[in-house]
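Worksheet: the structure to be examined is printed underneath.
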Amino acid sequence: MSDSQVTIKLTSDEALVLSHWLGKLQMTDLSRVVDDQSVWAPIHRIAGTLDKALPALFASDYHQRLEAARQRLRPEG
C-alpha cells in the first residue's frame, strides 16, 4: 500500500466548527469515545492542521464567529 496523501477541502465555516468539535473531543478521554486507537493519530493530525490554518481561533470574537458558522451550516427547517 502506498503512502499517498488525501486532501480534504472544507469551507471556513466547516473548518471552524470541526476544529471546535475536535478540540472538545481531544479534551475527553478518547478511549471512551473512539474505541480504535489507530484513529487517534489522524484525529490529532486533523485538529493540529486546522489549528494552524484558522486565525479565527485566536480572534477576540471567536465565540460569535463559531456560532455564526454553526447557524450557516445547520440545515434549514
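Residue 24 in my numbering sits at position 15 of the sequence shown, and the numbers go up by one each step.
Ideal Cβ positions, reconstructed from N, Cα and C, are used throughout, including at glycine.
Everything numeric in this text was worked out from a predicted model, so none of it was measured.
State yes or no: is the C-beta of Y71 within less than 8 Å of the C-beta of A78?
-> no
Determine the extent of the alpha helix (DSSP H) in which V26 is found, giving its start and end residues.
-> 21-35
Could you have a look at P84 and say whether DSSP puts it in helix, strand or coil?
-> When DSSP states are grouped into helix, strand and coil, P84 belongs to the coil group.
Applying the criterion that 16 or more other CB atoms from any shown protein chain within 10 Å of the CB defines a buried residue, is S28 buried or exposed?
-> buried
Quick one: what's got a C-beta closer than 6 Å to L59's C-beta in the same chain, skipping five residues either side?
-> A24, S28.
Rounded C-alpha distance that separates R81 from T20 | It is roughly 11 Å from the alpha-carbon of R81 to the alpha-carbon of T20.
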